[in-house]
Structure formats: C-alpha cells, structure tokens
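Enquirer:
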Amino acid sequence: MPLDLSVYLVTDSTPAILKGRDLCTVVEEALKGGATIVQYRDKTSDTGDLIQTAKELHKITKSHGVPLLINDRVDVALAVGAEGVHLGQDDMCTIHGLVRPQLILTDTLSADIEEAKKLLPKDAIIGISASSVEEAQHAIDAGADYLGIGTMFATPTKTNTKHILGTAGTQAILDAISDSGRNVGTVAIGGINLSNVQRVMYQSKAPRKGLDGVAIVSAIMAADDPRAVAEEFVKRINSRPSFAWEPKAPRANEAAALVEEVPQIVQKMVKAHPLVHNMINYVVANFVANVTLAMGASPIMSPYGEEAVDLAKFDGALVINMGTLTRESIPNYLQAIKSYNERGNPVVYDPVGAAATQVRRGAVKTLMSGGYFDLIKGNEGEIRQVSGSSNAVQRGVDSGPSTLDGQEKARLARDLARRERNVVLLTGAVDYLSDGERVIAVENGHEFLGQVTGTGCAVGTVSGCFLAAHPSDKLLAVISGLLMYEIAAENAASKDYVRGPGSFVPAFLDELYAIRHAALKGDDSWFSGRAKIQEIKL
Numbered sequence: 031m032p033l034d035l036s037v038y039l040v041t042d043s044t045p046a047i048l049k050g051r052d053l054c055t056v057v058e059e060a061l062k063g064g065a066t067i068v069q070y071r072d073k074t075s076d077t078g079d080l081i082q083t084a085k086e087l088h089k090i091t092k093s094h095g096v097p098l099l100i101n102d103r104v105d106v107a108l109a110v111g112a113e114g115v116h117l118g119q120d121d122m123c124t125i126h127g128l129v130r131p132q133l134i135l136t137d138t139l140s141a142d143i144e145e146a147k148k149l150l151p152k153d154a155i156i157g158i159s160a161s162s163v164e165e166a167q168h169a170i171d172a173g174a175d176y177l178g179i180g181t182m183f184a185t186p187t188k189t190n191t192k193h194i195l196g197t198a199g200t201q202a203i204l205d206a207i208s209d210s211g212r213n214v215g216t217v218a219i220g221g222i223n224l225s226n227v228q229r230v231m232y233q234s235k236a237p238r239k240g241l242d243g244v245a246i247v248s249a250i251m252a253a254d255d256p257r258a259v260a261e262e263f264v265k266r267i268n269s270r271p272s273f274a275w276e277p278k279a280p281r282a283n284e285a286a287a288l289v290e291e292v293p294q295i296v297q298k299m300v301k302a303h304p305l306v307h308n309m310i311n312y313v314v315a316n317f318v319a320n321v322t323l324a325m326g327a328s329p330i331m332s333p334y335g336e337e338a339v340d341l342a343k344f345d346g347a348l349v350i351n352m353g354t355l356t357r358e359s360i361p362n363y364l365q366a367i368k369s370y371n372e373r374g375n376p377v378v379y380d381p382v383g384a385a386a387t388q389v390r391r392g393a394v395k396t397l398m399s400g401g402y403f404d405l406i407k408g409n410e411g412e413i414r415q416v417s418g419s420s421n422a423v424q425r426g427v428d429s430g431p432s433t434l435d436g437q438e439k440a441r442l443a444r445d446l447a448r449r450e451r452n453v454v455l456l457t458g459a460v461d462y463l464s465d466g467e468r469v470i471a472v473e474n475g476h477e478f479l480g481q482v483t484g485t486g487c488a489v490g491t492v493s494g495c496f497l498a499a500h501p502s503d504k505l506l507a508v509i510s511g512l513l514m515y516e517i518a519a520e521n522a523a524s525k526d527y528v529r530g531p532g533s534f535v536p537a538f539l540d541e542l543y544a545i546r547h548a549a550l551k552g553d554d555s556w557f558s559g560r561a562k563i564q565e566i567k568l
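Note that the sequence shown ends on residue 568 in my numbering; no numbers are left out.
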C-alpha cells in the first residue's frame with residue numbers, strides 16, 4: 031500500500047503543548063480525525079521511558095492501520111517494532127546503542143541509512159529531513175523513502191533552524207528532485223496550521239511535483255479538540271484554496287485577443303462598483319481615493335486589520351501598500367490578508383521601497399510568508415527584492431537606475447509569477463505583466479505620471495478594482511485597469527490647459543471619470559486603436 035503522508039502528525043511531549051493531557055490520548059484522537067502517519071519525537075526522555083511510551087503509541091497506531099515512526103532512535107524503533115524511523119540531518123542518531131553527531135552530511139547520512147536498513151525490517155520506512163536542494167538530493171541518493179522538507183515557517187519547536195524555506199524554497203527543492211528518477215514522498219514541516227495549510231500545498235507545488243502532505247506538530251498536539259482539528263486538516267489538504275486559479279495558455283494572437291476584451295472588462299468593473307480596502311501610505315491616500323472614485327469604484331482607507339473580517343464580506347479587494355511602514359503595520363497587514371485570503375478575495379501587494387532599509391527587507395519576507403497575493407506590483411528594484419534576485423539597496427522608494435533590459439525584466443516578472451502562482455506587474459516606462467505563462471509589455475502612459483506623488487501607488491488600487499470585478503483572468507483584469515489608467519493620463523496630458531504636473535492632476539481625474547461614463551454606455555471610442563501592448567516571447 032502506498033505511504034499516505036497527507037496528515038503527518040509529529041508528537042510533542044512538552045508540558046506547554048500537552049497541558050496535562052496524556053500523549054497517547056491526544057495521538058489517538060488525532061488518528062480518529064484522520065492523521066495518516068505518526069512520528070514519535072522526544073529529545074529528552076531516557077531510553078526506557080521512550081520505549082515504554084513508543085510501545086503504547088504503537089498499539090494505538092496499529093489499531094488504526096497507521097505507521098509509527100521513531101525520531102532518530104533506530105534502537106527504540108527496533109525495540110517496539112515500529113514501522114520506521116525519521117532521521118534528521120543535524121541531530122544525534124542512535125543506532126544499535128551507538129550515538130553519533132550528524133555533523134557532516136556526506137560522510138554520515140549514507141552510513142546511517144545503510145545501517146538503519148541493515149537493522150530494520152526490509153519494508154521499514156526511512157524518512158530524512160532536508161532543508162536545501164543538496165540535502166534533498168543526497169537523501170534520495172542515500173535511499174530515503176520520503177523527505178521532511180523545512181523549515182517552512184519559523185516556529186518555537188525549531189529555534190535553531192538553518193533555513194526558513196517558505197513556499198518558494200520548498201518549491202525549489204521539489205522542482206530539483208522531480209527528475210531524480212525515484213518517486214520519493216515529501217512533506218513540509220514547520221509552522222503549518224489550518225490558516226496556511228492550503229496555501230502551503232498550493233504555492234509550494236513545482237511544475238512536475240507537489241507535496242504529498244504536511245507535518246503538523248502543535249496545531250494538532252496543542253489543540254483542545256485534536257480530532258476535530260485533524261478532520262479539518264484532512265478537509266483542507268484535499269481541497270483547493272479559495273484563491274486558487276490557473277493561468278491561461280497563450281493564444282496565437284494573445285496581445286490582440288486581450289485588447290479585444292478590454293472594453294467589456296472596463297464596463298464590467300464600472301457596473302460592479304467594487305469596494306477596495308486600501309491599507310496604503312498616508313502620503314497618497316487622498317489622491318488614490320479620488321482616482322478610485324473617478325473610475326467608478328468604492329475606496330475604503332483603513333489601516334486597521336481587525337476591520338478586514340467585516341470588509342472582506344463585501345467581496346472587494348485588499349491593497350497592501352507599505353509606503354509608510356510602522357511597527358504596527360505588519361500585524362495589521364497580516365490580519366487583513368488572512369481575512370481576504372479565507373474568502374478568496376483578491377489581495378494586491380505593493381512593496382514600496384522594498385530594498386531601501388533592513389526593516390523593509392524584513393517586512394517583505396514576513397508578508398510574503400504570511401499570505402497569498404493575487405498581484406505583486408512594483409518597480410524593478412522592488413520586484414527584484416521580492417524575488418530574492420538582488421542585494422541592491424534602494425534610494426528611498428525610487429527604483430534607481432535600471433540594470434535589466436526588456437527581456438530580462440519580462441523574465442523577472444514571469445519567473446516571480448510562476449513561483450508565487452499569481453500575477454506580477456513590473457512598472458516603468460514600459461510595464462511588464464505576467465501570470466507565469468503569458469508575458470505582456472504595455473507602453474501607454476505619460477511622463478507626468480512620474481512627476482506626481484501617488485500615481486504609482488494608485489496603480490495597485492486600480493488593479494484591485496479590476497481584480498475584484500473580473501477574477502477569472504487576473505492578467506486580463508490588471509491589463510484592463512492599467513490601460514484605462516494610462517490612456518486617461520495620455521488624454522489629460524494632451525489638453526491645451528495642462529502645462530505640467532499641477533494642472534495635470536485635475537485633468538487626469540476628469541479623464542478617468544469621462545472614460546468611466548463612456549464605458550457605462552458601451553462607448554468604446556476612448557479605447558479604439560489606443561492600446562500599445564505586445565506579447566513578449568521568452
């Protein structure tokens with residue numbers, strides 16, 4: 031029978047987790063809820079106590095037809111007849127009474143697996159921890175039956191982690207081992223709970239290999255009702271998150287096909303009058319709110335995360351713009367993201383000044399690991415920081431001199447969109463958009479947009495308006511909003527009375543308003559022949 035790793039329970043015997051309850055009782059309740067495999071992990075008890083507890087656990091797991099693995103202790107596994115062991119890369123491994131520190135991966139791991147295979151029954155399960163591509167590949171070569179990949183997120187049970195991988199790092203490992211020639215099972219471990227398990231399964235997936243399950247510690251072991259929590263894990267692991275989507279394959283005439291659909295998407299947005307919840311920097315809030323109103327949407331400017339629970343019920347969009355970052359911002363952002371993710375409502379992330387300071391670089395990592403973004407929008411420097419492809423430091427919120435040509439920018443946007451399974455908009459004199467499959471360049475707009483504070487930030491909110499109105503094709507939604515916005519800017523700049531940025535702003539709002547009402551009446555004359563877009567082949 032194939033090994034079912036989907037709900038992999040790792041025990042924790044610490045008093046703070048068990049809260050006076052019996053370990054075996056908690057494990058049995060989790061098994062009743064659907065846990066598919068159990069790893070007994072106890073780093074502190076002596077051998078006699080470990081064997082006694084493991085024997086009790088094994089009686090329970092056998093009665094449910096579920097394998098029991100022992101963490102690092104092959105001798106304990108042998109003593110109780112457990113189905114296998116899980117060996118850590120850096121832990122102390124006890125094999126047949128011999129304790130040896132796991133310090134050099136290439137020298138000890140193969141030997142440990144070989145020795146374990148000699149001592150354990152032929153069909154014993156051997157799992158190995160892996161926190162890098164190199165460790166994963168070596169574990170597979172050494173004969174591991176499955177990999178425990180992590181640490182996914184920071185967690186109190188892993189205070190000495192070498193790597194916090196996140197979904198991106200996990201995806202990189204899965205991608206690298208997908209052509210290993212062996213069908214090795216995989217589970218992610220570290221900080222996984224009911225609020226993020228679907229995103230972990232969804233965003234970690236590589237093109238040819240996904241996770242087979244998740245390893246869960248405190249989310250079940252510390253739960254007041256382990257059975258109910260395990261049941262909910264089973265349900266969520268076996269269903270797609272509400273924000274999941276699949277990008278469309280490029281058509282033969284993709285750019286022309288997209289252009290043809292834009293007017294009806296603009297009309298759809300205007301008629302829908304979507305609500306957009308802006309957690310945006312206060313410097314631009316007034317301008318962005320006016321842009322949103324002029325376009326026909328409804329702005330709410332609220333930095334308070336607790337409000338998101340109620341605001342998300344209106345099925346609008348959330349915009350996270352970290353222009354004026356404070357200590358209080360991050361927890362409020364995370365709370366709001368969670369509320370919108372749970373309902374499957376679009377979330378836009380504008381990582382303003384992402385590379386400017388250590389605080390902002392840290393905020394990017396925290397937010398990227400804290401939720402799913404339907405759109406990541408930023409200039410070249412910001413997108414490079416989010417992707418992890420640059421060590422450059424921004425000068426404030428400015429992108430700085432570009433170091434990439436058009437093809438490289440297009441590839442950067444595409445690769446980040448593929449990794450995050452979303453849409454990426456890299457802004458500049460030419461905008462590059464990608465959903466991981468299609469890559470589009472847009473050359474509309476006017477230089478005055480770069481001379482007015484808030485015009486860049488407003489693009490995030492405009493995108494949110496259109497994503498809320500047309501979520502089925504996120505790339506088309508973002509392109510439609512961008513073209514409406516940038517064509518309005520071109521119209522405004524062409525007015526005789528517009529002499530510079532000061533006179534441009536009111537004319538720009540008027541032109542957005544004019545396009546809105548034309549679209550409402552089905553008048554597409556504002557758009558005919560105006561779109562300057564092309565598909566980029568990579």
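Ideal Cβ positions, reconstructed from N, Cα and C, are used throughout, including at glycine.
#1: Look up residue 349 in the DSSP assignment and give the residues it is bridged to.
#2: For residue 341, which residues from the same chain have a beta carbon less than 6 Å from its beta carbon, with the 5 sequence-adjacent residues on both sides left out?
#3: Taking the alpha helix (DSSP H) that residue 329 falls in, what are its first and last residues?
#4: Less than 8 Å separating the beta-carbons of residue 244 and residue 279?
#5: Would the beta-carbon of residue 263 fall within 8 Å of that of residue 224?
#6: Would residue 473 and residue 256 be called neighbours here (beta carbons separated by less than 8 Å)?
#7: Are the beta-carbon atoms belonging to residue 150 and residue 114 less than 8 Å from one another?
#8: Which runs of the alpha helix (DSSP H), 4 residues or longer, sit entirely within the segment 159-234?
#9: Using 10 angstroms around the beta-carbon of residue 38, count the other beta-carbons present and answer buried if the total reaches 16, otherwise exposed.
#10: Can at least three beta-carbon pairs, one atom from the segment 494-513 and one from the segment 365-380, be found at a separation below 8 Å?
#11: Give me the residue from 65, 98, 556 with the minimum Cα distance to residue 542.
#12: Please name the residue, chosen from 276, 323, 350, that lies closest to residue 334 on a Cα-to-Cα basis.
#13: So, with DSSP's three-state summary, where would you put residue 58?
#14: Please report the distance separating the alpha-carbon of residue 106 from that of residue 84.
#15: At which residue ranges does the segment 527-554 contain complete alpha helix (DSSP H) runs of 4 or more residues, listed in the order of the chain?
#16: What's the C-alpha gap between residue 385 and residue 331?
#17: Suppose you measure from the CA of residue 545 to the CA of residue 216; what does that come to, to the nearest Å?
#18: Measuring only the C-alpha atoms, how far is residue 489 from residue 74?
#19: Hey, how far is the Cα of residue 462 from the Cα of residue 439?
#20: Relative to the C-alpha of residue 227, which candidate in 250, 485, 551, 491 has its C-alpha closest?
#21: Can you tell me the Cα-Cα spacing of residue 451 and residue 89, whole angstroms?
#22: Here's a check: name, in chain order, each residue in its chain whose Cβ is nearer than 8 Å to the Cβ of residue 267, leaving out the five neighbours to either side.
#23: Tell me whether residue 461 sits in a helix, a strand or coil according to DSSP, three-state version.
#24: Under 8 Å: do the segment 280-295 and the segment 556-567 share three or more Cβ pairs, one atom per stretch?
#25: So, helix, strand or coil for residue 515, using DSSP?
#26: Please name the residue or residues paired with residue 117 in a DSSP beta bridge.
#27: Just mark residue 42 as buried or exposed, buried being the case when its beta carbon has 16 or more other beta carbons within 10 Å.
#28: Quick check: what's the CA-CA separation for residue 372 versus residue 275?
#29: Alpha carbon to alpha carbon, how far is residue 103 from residue 110? Give it in angstroms, no decimals.
#30: What number of angstroms, rounded off, separates the C-alpha of residue 236 from the C-alpha of residue 270?
#31: For residue 432, which residues of its own chain have a beta-carbon under 6 Å away from its beta-carbon, when the five flanking residues on both sides are left out?
#32: What is the DSSP secondary structure of residue 407, counted as helix, strand or coil?
#33: Going along the chain, which residues of its own chain have a beta-carbon closer than 8 Å to the beta-carbon of residue 295, five neighbours each way excluded?
#34: Determine the closest residue to residue 552 out of 324, 160, 292, 288, with distance taken between C-alpha atoms.
Expert: In this structure, then:
#1: The residue you call residue 349 lines up with position 319 of the sequence shown. BP columns for residue 349 point to 308, 378.
#2: Along the sequence shown, one-based indexing puts residue 341 at 311. Correct list, in chain order: 307.
#3: Position 299 of the sequence shown holds residue 329. No alpha helix (DSSP H) holds residue 329; the beta strand (DSSP E) holding it covers 328-331.
#4: Residue 244 sits at position 214 when you count from the first residue of the sequence shown. Residue 279 sits at position 249 when you count from the first residue of the sequence shown. Going by C-beta atoms, residue 244 is not nearer than 8 Å to residue 279.
#5: Residue mapping note: residue 263 aligns to position 233 of the sequence shown, counting from 1. Residue mapping note: residue 224 aligns to position 194 of the sequence shown, counting from 1. Yes.
#6: In the sequence shown, counting from the first residue as 1, residue 473 sits at position 443. In the sequence shown, counting from the first residue as 1, residue 256 sits at position 226. Not a contact, by the Cβ cut-off of 8 Å.
#7: In the sequence shown, residue 150 corresponds to position 120, counting from 1. In the sequence shown, residue 114 corresponds to position 84, counting from 1. Inclusion of residue 150 and residue 114 in the CB contact set at 8 Å is warranted, their separation being smaller than that value.
#8: 163-172, 196-207, 227-233
#9: For the purposes of this step, residue 38 is identified with residue 8 of the sequence shown, where counting begins at 1. Result: buried.
#10: yes
#11: The residue you call residue 542 lines up with position 512 of the sequence shown. Of the listed residues, the one whose Cα sits closest to residue 542 is 556.
#12: In the sequence shown, the residue the question calls residue 334 occupies position 304. Measuring from the Cα of residue 334, the nearest candidate turns out to be 350.
#13: For the purposes of this step, residue 58 is taken as the residue at position 28 of the sequence shown. In this structure, residue 58 counts as helix in the three-state DSSP scheme.
#14: Translated into the one-based positions of the sequence shown, residue 106 becomes position 76. Translated into the one-based positions of the sequence shown, residue 84 becomes position 54. About 8 Å.
#15: 531-550
#16: Numbered from its first residue, the sequence shown carries residue 385 at position 355. Numbered from its first residue, the sequence shown carries residue 331 at position 301. Roughly 25 Å between the two C-alpha positions.
#17: In the sequence shown, residue 545 corresponds to position 515, counting from 1. In the sequence shown, residue 216 corresponds to position 186, counting from 1. Using only the alpha carbons, I get a separation of about 52 Å.
#18: In the sequence shown, the residue the question calls residue 489 occupies position 459. In the sequence shown, the residue the question calls residue 74 occupies position 44. The straight-line gap from Cα to Cα measures roughly 55 Å.
#19: Counted from its first residue, the sequence shown places residue 462 at position 432. Counted from its first residue, the sequence shown places residue 439 at position 409. Roughly 7 Å separates the two Cα atoms.
#20: Taking the sequence shown and counting its residues from 1, one reaches residue 227 at position 197. Residue 250 is the option with its Cα nearest to residue 227.
#21: Within the sequence shown, residue 451 is the residue found at index 421, counting from 1. Within the sequence shown, residue 89 is the residue found at index 59, counting from 1. If I take the Cα positions, the gap works out to 43 Å.
#22: Locating residue 267 in the sequence shown gives position 237, where the first residue counts as 1. 36, 37, 227, 228, 231, 243, 244.
#23: On the sequence shown, residue 461 is found 431 positions in, with the first residue counted as 1. The answer is strand: DSSP assigns residue 461 an E or B state.
#24: yes
#25: Residue numbering aside, residue 515 sits at position 485 when the sequence shown is read from its first letter. Residue 515 sits in a helix when the DSSP states are folded into three classes.
#26: Position 87 of the sequence shown, counted from the start, is the residue given in the question as residue 117. Residue 117 pairs with 158.
#27: In the sequence shown, counting from the first residue as 1, residue 42 sits at position 12. Buried.
#28: Walking along the sequence shown from the start, residue 372 turns up at place 342. Walking along the sequence shown from the start, residue 275 turns up at place 245. Approximately 14 Å between the Cα atoms of the pair.
#29: Here residue 110 refers to the residue found at position 80 of the sequence shown. Here residue 103 refers to the residue found at position 73 of the sequence shown. Looking at the two C-alpha atoms, the distance is approximately 11 Å.
#30: The sequence position of residue 236 within the sequence shown is 206, counting from 1. The sequence position of residue 270 within the sequence shown is 240, counting from 1. Looking at the backbone, the Cα of residue 236 and that of residue 270 are separated by about 16 Å.
#31: Numbered from its first residue, the sequence shown carries residue 432 at position 402. Only 410 meet the Cβ criterion.
#32: Taking the first residue of the sequence shown as position 1, residue 407 is located at position 377. Three-state result, residue 407: strand.
#33: If you number the sequence shown from 1, residue 295 lands on position 265. Excluding sequence neighbours, residue 295 sits near 496, 499, 500, 506, 507, 510.
#34: Against the sequence shown, residue 552 aligns to sequence position 522. With respect to the C-alpha of residue 552, the residue from 324, 160, 292, 288 having the closest C-alpha is 292.
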